[in-house]
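Protein sequence lines correspond, in order, to chains A and B. The opening position of the first sequence corresponds to residue 1 in the numbering used here, with each subsequent residue numbered one higher. The opening position of the second sequence corresponds to residue 273 in the numbering used here, with each subsequent residue numbered one higher. Here a beta-carbon is modelled for each residue, glycine too, at the ideal position from N, C-alpha and C. Worksheet for the structure shown next.
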Amino acid sequence: MEKMGDFLRALADGDLISWHHQTFAAKYFSMSLPQVERIALEAGLLPARYQRNRKTITTKEQLKLCRSHVAVIGCGGLGGYVIEELARLGVGCITAVDPDVFEEHNLNRQLYSSPDNLGRPKVEAAHARVANINPAVRLIPVKVAFSKLNGFELLQGVDVVVDALDSIPVRMELAEISAELNAPLVHGAIGGWYGHVATQFPGENTLRKIYNRSVQGRGIEKGLGNPAFTPAVVASLEVAEVCKIITGHGTPLSNRTLHINLLDMEVEEIRF
Amino acid sequence: MNVTVKLFATFRTGRFGSETRTYGPGTTVRNIIDELSLPEDDIGATLINGRHVEEDCELQEGDTLSIFPLVGGG
């Protein structure tokens with residue numbers, strides 16, 4: 001490892017290591033690209049692809065992101081954008097969970113859907129996309145429906161859980177299991193022009209408060225559907241939360257919910 | 273008594289965004305939901321002065337009641 005660190009330092013331009021040199025080092029030492037990225041960051045080098053992050057995310061924080069494991073539950077409207085941003089952010093390991101294949105009615109908003117992808121499993125498309133945009137991060141595709149039965153196994157060793165589901169009862173199960181595993185849960189939900197975001201830290205009961213009246217039904221999305229922009233906005237807010245939880249930077253949405261109204265461009269904060 | 277009622281998202285359609293309205297003493301959250309014909313199954317959260325409350329909660333002079341619809345899509 002030290003040898004590899006010295007090797008990368010010798011190749012670096014200042015403290016930046018180029019993608020070309022990362023791939024060269026991986027071949028030379030017969031290592032994977034995620035391994036090389038981690039060693040580079042541990043040696044205090046910043047992979048050049050993250051250089052525009054550096055005034056926002058330090059190299060030390062970039063290493064925290066690299067060492068982290070985030071589970072994204074649901075790979076539809078929210079999940080596609082969440083995975084895209086986590087991979088570009090440099091989150092080292094992403095578990096993507098979704099049982100579905102792309103259908104025509106997904107094409108208006110789901111980032112990884114395309115006419116060529118109809119019938120293709122969503123997690124498989126996410127896997128291919130992440131391998132294409134950032135081969136230095138690993139995506140584990142899991143083509144199952146999240147439930148109480150498989151939840152503990154799926155979330156084992158995960159640092160942060162992202163709720164990108166479309167079912168309130170399953171969201172409640174996810175919240176319960178995340179709480180039992182002491183994993184922070186970033187929750188986002190959308191319907192039409194509207195959405196909300198909140199983060200449930202261990203010991204908090206945020207989802208039960210948000211859905212205290214109805215945990216069985218569906219929300220306004222059943223009548224409104226979802227346009228292209230609402231999942232992108234709410235997913236981005238969720239990823240900002242993940243970034244802050246992992247880096248320890250900023251003020252996450254603990255014990256509060258942000259309600260977004262894109263029709264009137266209003267944001268309302270609710271504190272618990 | 274005067275109560276400010278704030279409606280969010282789809283609940284505004286055909287109603288209002290924010291209005292100060294006059295109610296009799298003892299008026300509950302449920303009474304206002306019924307008065308505004310808000311569909312029971314669509315209600316997500318009810319808050320008085322920013323705090324989550326149950327439907328049987330009584331309003332006081334000067335309170336702000338916020339009513340959000342249920343949102344659960346992804």
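Between residue i and residue j, how many whole angstroms is the CB-CB distance? I'm expecting something under 8 angstroms.
i, j, result
"residue 130/A", "residue 143/A", "Not a contact, Cβ separation roughly 15 angstroms."
"residue 78/A", "residue 252/A", "No, residue 78/A and residue 252/A are not in contact; Cβ-Cβ is about 18 angstroms, not under 8 angstroms."
"residue 260/A", "residue 187/A", "Rounded, the Cβ-Cβ distance is 13 angstroms, inconsistent with contact."
Say whether chain B places a C-beta atom closer than 8 angstroms to the C-beta of residue i.
i, result
"residue 53/A", "no"
"residue 77/A", "yes"
"residue 24/A", "no"
"residue 100/A", "no"
"residue 274/A", "As shown, chain A starts at 1 and ends at 272. That puts residue 274/A outside it, with no answer to give."
"residue 271/A", "yes"
"residue 125/A", "no"
"residue 164/A", "yes"
"residue 219/A", "yes"
"residue 74/A", "yes"
"residue 226/A", "yes"
Which two residues bound the contiguous beta strand (DSSP E) that contains residue i?
i, result
"residue 141/A", "138 to 142"
"residue 317/B", "315 to 320"
"residue 109/A", "Note, residue 109/A: premise wrong, no beta strand (DSSP E); not H, not E."
Tell me, please, whether the CB atom of residue i is closer than 8 angstroms to any CB atom in chain A?
i, result
"residue 322/B", "yes"
"residue 344/B", "yes"
"residue 336/B", "no"
"residue 319/B", "yes"
"residue 276/B", "no"
The alpha helix (DSSP H) with residue i in it runs from where to where?
i, result
"residue 59/A", "59 to 66"
"residue 233/A", "229 to 247"
"residue 303/B", "301 to 307"
Which residues of the region 192 to 208 of chain A have a Cβ closer than 9 angstroms to any Cβ of chain B? Give them in chain order. The residues in question are 192, 193, 194, 195 and 196.
For the region 168 to 189 of chain A, which residues have a beta carbon sitting closer than 8 angstroms to at least one beta carbon of chain B? 168, 171, 188 and 189
Can you give me, in chain order, the residues of the region 284 to 315 of chain B that have a beta carbon less than 7 angstroms from any beta carbon in chain A? 313, 314 and 315
Residues from the region 254 to 269 of chain A in contact with chain B, defined by Cβ distance under 9 angstroms: 257, 259, 261, 263, 264, 266, 268 and 269
Short-range partners of chain B found in the region 4 to 18 of chain A, where Cβ spacing is below 8 angstroms: none
Quick check for students: name the residue ranges of the alpha helix (DSSP H) that lie wholly in the region 126 to 214 of chain A, counting only runs of 4 or more. 148 to 154, 168 to 180 and 206 to 210
Write down every uninterrupted run of the beta strand (DSSP E) in the region 20 to 98 of chain A whose length is 3 residues or greater and which is fully enclosed by it, in chain order. DSSP assignment within the region 20 to 98 of chain A yields the following whole beta strand (DSSP E) runs of 3 residues or more, N-terminal first: 69 to 73 and 93 to 97.
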